[in-house]
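A.B. asks:
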Amino acid sequence: MTGGAERPYTLVAELTYRCPLRCVYCSNPVDQKPRRGDLDTATWRRVFREAEALGVVQLHLTGGEPLLRDDLEDLVAGARELGLYTNLITSGIPLTLERLRTLRARGLDAVQISVQGVHESDAVRIAGRASLPEKLEAAAFVREVGLPLTLNVVLHAENIEQVPALVALAERLGAARLELANTQYLGWALPNRAALLPTEERINRAAKEAREARDRLQGKMEILFVLPDYYRGVPRACMGGWGKQYIVVTPDGVVLPCHAARSIPGLAFATVDETSLEHAWRESTGMNAFRGEAWMPSPCRECDRRTQDFGGCRCQAFALTGNAGATDPACRLSPDHALIERARSAARPGERNSVPGESEHNGDMPEQLVELRYRTFRAAPSPRDDA
Amino acid sequence: MISTETKPRLAQKTRLHFDRHTNRHLLLYPEKGLVLNPTATEIVKLCDGARTVSEIVVDLAARYDAAPRDVLEKEVFGFLNTLREKGLLEDPP
């Protein structure tokens, strides 16, 4: 349905896949070799100009770790000249106060820093590296230079009990916003699902704690709690609909509707080194594959919710059923919903024997740490390979 | 609560942006934006932390002399409360 593209509001610029962390739920592609090295400064600046011309007003500079690009200052300045609201999404490593001051002076608007939990052991376990002190220091730098701070935490079975402690941490850091986002089981998170998916009871408790904090801190700190679609019974409106509001450009220049879309085989997406962003957004067959409603199967096409959830997540439909055009199995009306129910029944109940002093066994074995698969990297082909 | 003596100031995370695609102003903040109508745009521009809400109403009344004062006041309070609930106003010192 060429020509059906709407106005995009947000450009997600994945500046590099390189990252000092190896998070077990990373949204970067699993086992895919980049088609080329990272885009250069001039290409990114052109992409920003073309994005603004399409209507984009929000820019997320992310990765991998965007701080690993030594041209980040120039990219921020280019974005600011266009009036884009520029948000740096970072692990906080490696960041110095001087560099952050420069980024702010060049026009950076906001910074989002992720933590894996309130303990250093969470960082080691989930990100594969000790990093909490560096992250807390980076968060303090953000406040020191006077930029608004978002603290982002991906929730899963091993940190879902920490919501009150995470709220306290965000308050202590002076965060304007706290994002508590349950893991989405795509990318690296899917092979780790058995270790990461919490039970419904634990999620409900965390949701209640988040609601209480939101009421208490209303007007001071925005608290976002993203429920996992595995427990909602209805799919999430992934990216506000395929190719509707968000443009993702990968480090190697592919223009996508979401971070994971390249995991769906057979979709042809355009690249910014071969065509304009506008052409890639409006005309690529991949971008148009799931726009509108013509692609929808039953029960989506008769469902009143189709204008709210757009049939759910295409990447999740493909990852779980092998068919990207299927109704998202997260929906209770999906013929494949049993796949979700099975995963739920295997969810981790949590540390029942963790109360100090209550160590007598009543038949339960103390919980063992479940093995995790860490994110790895595949190098881009060298320029010589390209030739 | 916002009173007539409050001196509203926009939160640090906000930036007023003129959207050349729609000829309207947007109040941008992390991941989101509010589309402002012309009156809301004028109110936002007056939220400088120096003017009181009363002064903002007087200022607007001078510009929109057709609008009755109490209607205008209600509109200003309503909009400022929306901003406050969304965390888009700084806390008064």
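As they're listed, the protein sequences go chains A and B. Just so we're aligned, residue 1 is where the first sequence starts under this note's numbering, counting upward by one. Just so we're aligned, residue 1001 is where the second sequence starts under this note's numbering, counting upward by one. Built from N, CA and C at the ideal position, the CB exists for glycine as well.
#1: Considering just the uninterrupted stretch of the beta strand (DSSP E) at Leu95 of chain A, what are its terminal residues?
#2: Just to confirm the assignment, what range does the beta strand (DSSP E) spanning Lys1032 of chain B have?
#3: Would you say Gly1078 of chain B reaches chain A, if we count a Cβ-Cβ gap shorter than 7 Å as a contact?
#4: Here's the rule: buried if 16 or more other CB atoms are within 10 angstroms of the residue's CB, otherwise exposed. What is Glu222 of chain A?
#5: By the criterion of Cβ-Cβ separation under 9 Å, what are the contact partners of Asn87 of chain A in chain B?
#6: Hey, how far is the Cα of Ala280 of chain A from the Cα of Gln116 of chain A?
#7: So which residues on chain B does Val57 of chain A lean against when the C-beta distance must stay under 8 Å?
#8: How would you write the range of the beta strand (DSSP E) that Thr10 of chain A sits in, first residue to last?
#9: Given a cut-off of 7 Å, decide if Ala1061 of chain B and Leu1046 of chain B are closer than it, judged by their beta-carbon atoms.
#10: Counting only beta-carbon atoms, is Pro148 of chain A nearer than 7 Å to chain B?
#11: Sorted by chain position, which residues of the same chain lie with C-beta nearer than 7 Å to Asn362 of chain A's C-beta, five sequence neighbours on each side aside?
#12: Can you confirm whether the stretch 291-311 of chain A touches the stretch 242-259 of chain A when touching is taken to mean that 3 or more C-beta pairs between the two stretches lie within less than 8 Å?
#13: With Leu72 of chain A as the anchor, note down where its alpha helix (DSSP H) starts and where it stops.
#14: Whole angstroms is fine: what's the gap from Val1058 of chain B's alpha carbon to His1021 of chain B's?
#15: What does a CB cutoff of less than 8 Å around Gly3 of chain A pick up in its chain, not counting 5 residues either side in sequence?
#16: Kindly indicate if chain B contains any beta-carbon less than 7 Å away from that of Pro366 of chain A.
#17: Please identify, using Cβ separations under 8 Å, the residues of the stretch 88-119 of chain A that lie next to chain B, in order along the chain.
#18: Whose CA, out of A:Trp188, A:Ala194, A:Pro94, lies closest to the CA of Ile340 of chain A?
#19: List the residues that DSSP assigns as beta-bridge partners of Ser114 of chain A.
#20: Quick check on the DSSP output: the beta strand (DSSP E) that includes Ile247 of chain A runs from which residue to which?
#21: With 7 Å set as the bound, which would you pick, yes or no: does the beta-carbon of Ala176 of chain A sit closer than that to a beta-carbon of chain B?
#22: Between which two residues does the alpha helix (DSSP H) holding Ala181 of chain A run?
#23: Give me, in chain order, the residues of the same chain whose beta-carbon lies closer than 6 Å to that of Asp74 of chain A; leave out the 5 immediate sequence neighbours on both sides.
#24: Excluding the 5 residues flanking Pro164 of chain A on each side, which residues of the same chain have their C-beta closer than 8 Å to its C-beta?
#25: Please list the partners that Lys1045 of chain B has in chain A, where partner means a Cβ-to-Cβ separation under 9 Å.
#26: From the beta carbon of Gly219 of chain A, is the nearest beta carbon of chain B less than 7 Å away?
#27: Contact between the stretch 157-175 of chain A and the stretch 316-324 of chain A is defined here as three or more beta-carbon pairs at a separation below 8 Å; is this criterion met?
#28: Would you identify the three-state DSSP class for Pro257 of chain A, choosing helix, strand or coil?
#29: Drop a sphere of 10 angstroms on the beta-carbon of Gly1078 of chain B, count the other beta-carbons inside from all chains shown, and report buried for 16 or more, exposed for fewer.
#30: Whole-angstrom Cβ separation of Arg348 of chain A and Ala157 of chain A, contact assumed at under 8 Å?
#31: Counting C-beta neighbours from all protein chains within 10 Å, is the total for Arg45 of chain A 16 or more, i.e. buried, or is it exposed?
#32: Quick check: Val142 of chain A and Leu108 of chain A, are their CB atoms within less than 7 Å of each other?
#33: Just checking: is the beta-carbon of Arg1009 of chain B within a distance shorter than 7 Å of some beta-carbon in chain A?
#34: Please report how far the alpha carbon of Asp211 of chain A lies from the alpha carbon of Ala380 of chain A, in whole angstroms.
#35: According to DSSP, simplified to helix, strand and coil, what is Gln58 of chain A?
#36: Taking the C-alpha atoms as reference points, what is the distance between Ser91 of chain A and Gln58 of chain A?
C.D. replies: Based on what the coordinates show:
#1: Along the first sequence, one-based indexing puts residue 95 of chain A at 95. Premise fails: Leu95 of chain A is in no beta strand (DSSP E) and is neither H nor E.
#2: Residue 1032 of chain B sits at position 32 when you count from the first residue of the second sequence. 1032-1036 is the span of the beta strand (DSSP E), which, as asked, contains Lys1032 of chain B.
#3: The count along the second sequence starts at 1 and reaches residue 1078 of chain B at position 78. Taking Cβ atoms only, chain A never reaches closer than 7 Å to Gly1078 of chain B, which makes this a no.
#4: For the purposes of this step, residue 222 of chain A is identified with residue 222 of the first sequence, where counting begins at 1. Buried, by the Cβ-count rule.
#5: Residue 87 of chain A sits at position 87 when you count from the first residue of the first sequence. Ordered by position in chain B, the residues that pass the 9 Å Cβ test against Asn87 of chain A are Pro1030, Glu1031.
#6: The residue labelled residue 280 of chain A in the question sits at position 280 within the first sequence. The residue labelled residue 116 of chain A in the question sits at position 116 within the first sequence. Roughly 35 Å separates the two Cα atoms.
#7: As a position in the first sequence, residue 57 of chain A is number 57, starting the count at 1. Within 8 Å Cβ-Cβ: His1017, Asp1019, Leu1026, Leu1028, Gly1033.
#8: If you number the first sequence from 1, residue 10 of chain A lands on position 10. Run containing Thr10 of chain A: 10-14, per the beta strand (DSSP E) assignment.
#9: The sequence position of residue 1046 of chain B within the second sequence is 46, counting from 1. The sequence position of residue 1061 of chain B within the second sequence is 61, counting from 1. In this structure, Ala1061 of chain B does not lie closer than 7 Å to Leu1046 of chain B by Cβ.
#10: The residue labelled residue 148 of chain A in the question sits at position 148 within the first sequence. By this cut-off, Pro148 of chain A is an interface position.
#11: Here residue 362 of chain A refers to the residue found at position 362 when the first sequence is read from its first residue. Any reading at Asn362 of chain A must be qualified, since the residue scores a pLDDT of 46, below 50, and its modelled position is unreliable; the value itself is stated next. Nothing listed; no residue qualifies.
#12: yes
#13: Here residue 72 of chain A refers to the residue found at position 72 when the first sequence is read from its first residue. Counting along the chain, the alpha helix (DSSP H) containing Leu72 of chain A begins and ends at 72-81.
#14: As a first step, residue 1058 of chain B is located in the second sequence; it is residue number 58 there, counting from the start. As a first step, residue 1021 of chain B is located in the second sequence; it is residue number 21 there, counting from the start. Answer to the nearest angstrom: the Cα atoms are 32 Å apart.
#15: Within the first sequence, the letter at position 3 stands for residue 3 of chain A. Only weak support exists for where Gly3 of chain A lies, its pLDDT of 49 falling under 50; the coordinates are left without a value.
#16: As a first step, residue 366 of chain A must be located in the first sequence, where it is residue number 366. Confidence is the limiting factor: at Pro366 of chain A the pLDDT is only 46, short of 50, which leaves the residue's position unreliable and the question unanswerable from this model.
#17: Asp109, Ala110, Gln112
#18: Translated into the one-based positions of the first sequence, residue 340 of chain A becomes position 340. The option with the nearest alpha carbon to Ile340 of chain A is A:Ala194.
#19: As a working note, residue 114 of chain A is residue 114 in the first sequence. For Ser114 of chain A, which the question treats as bridged, DSSP gives the partners A:Asn152.
#20: To locate residue 247 of chain A, count along the first sequence from 1; it is residue 247. Taken as a continuous stretch (DSSP letters only), the beta strand (DSSP E) holding Ile247 of chain A covers 246-249.
#21: By one-based count along the first sequence, residue 176 of chain A stands at place 176. Yes, because at least one Cβ of chain B sits closer than 7 Å to the Cβ of Ala176 of chain A.
#22: Here residue 181 of chain A refers to the residue found at position 181 when the first sequence is read from its first residue. No alpha helix (DSSP H) contains Ala181 of chain A, which is instead part of the beta strand (DSSP E) from 177-182.
#23: By one-based count along the first sequence, residue 74 of chain A stands at place 74. The residues are Thr41.
#24: Locating residue 164 of chain A in the first sequence gives position 164, where the first residue counts as 1. Correct list, in chain order: Glu209, Ala213.
#25: Position 45 of the second sequence, counted from the start, is the residue given in the question as residue 1045 of chain B. None at all; the shortest Cβ gap to chain A is about 16 Å.
#26: Stepping through the first sequence from its first residue, residue 219 of chain A is reached at position 219. With 7 Å as the cut-off, Gly219 of chain A counts as an interface residue toward chain B.
#27: no
#28: Counting from 1 along the first sequence, the entry for residue 257 of chain A is found at position 257. Pro257 of chain A falls in the coil class under three-state DSSP.
#29: Counted from its first residue, the second sequence places residue 1078 of chain B at position 78. Under this definition Gly1078 of chain B is an exposed residue.
#30: The count along the first sequence starts at 1 and reaches residue 348 of chain A at position 348. The count along the first sequence starts at 1 and reaches residue 157 of chain A at position 157. Right, their Cβ atoms sit about 4 Å apart.
#31: Taking the first residue of the first sequence as 1, we reach residue 45 of chain A at position 45. The residue is buried, with at least 16 neighbouring Cβ atoms inside 10 Å.
#32: Position 142 of the first sequence holds residue 142 of chain A. Position 108 of the first sequence holds residue 108 of chain A. Not in contact: Val142 of chain A and Leu108 of chain A (Cβ atoms no closer than 7 Å).
#33: Indexing the second sequence from 1 puts residue 1009 of chain B at position 9. Not an interface residue.
#34: The residue you call residue 211 of chain A lines up with position 211 of the first sequence. The residue you call residue 380 of chain A lines up with position 380 of the first sequence. A small fix is needed here, since residue 211 of chain A is Arg in this sequence, not Asp. Their backbone Cα atoms lie some 44 Å apart in a straight line.
#35: For this step, residue 58 of chain A is matched to residue 58 along the first sequence. Gln58 of chain A: strand per DSSP, three-state reduction.
#36: As a working note, residue 91 of chain A is residue 91 in the first sequence. As a working note, residue 58 of chain A is residue 58 in the first sequence. Cα to Cα, Ser91 of chain A sits roughly 20 Å from Gln58 of chain A.
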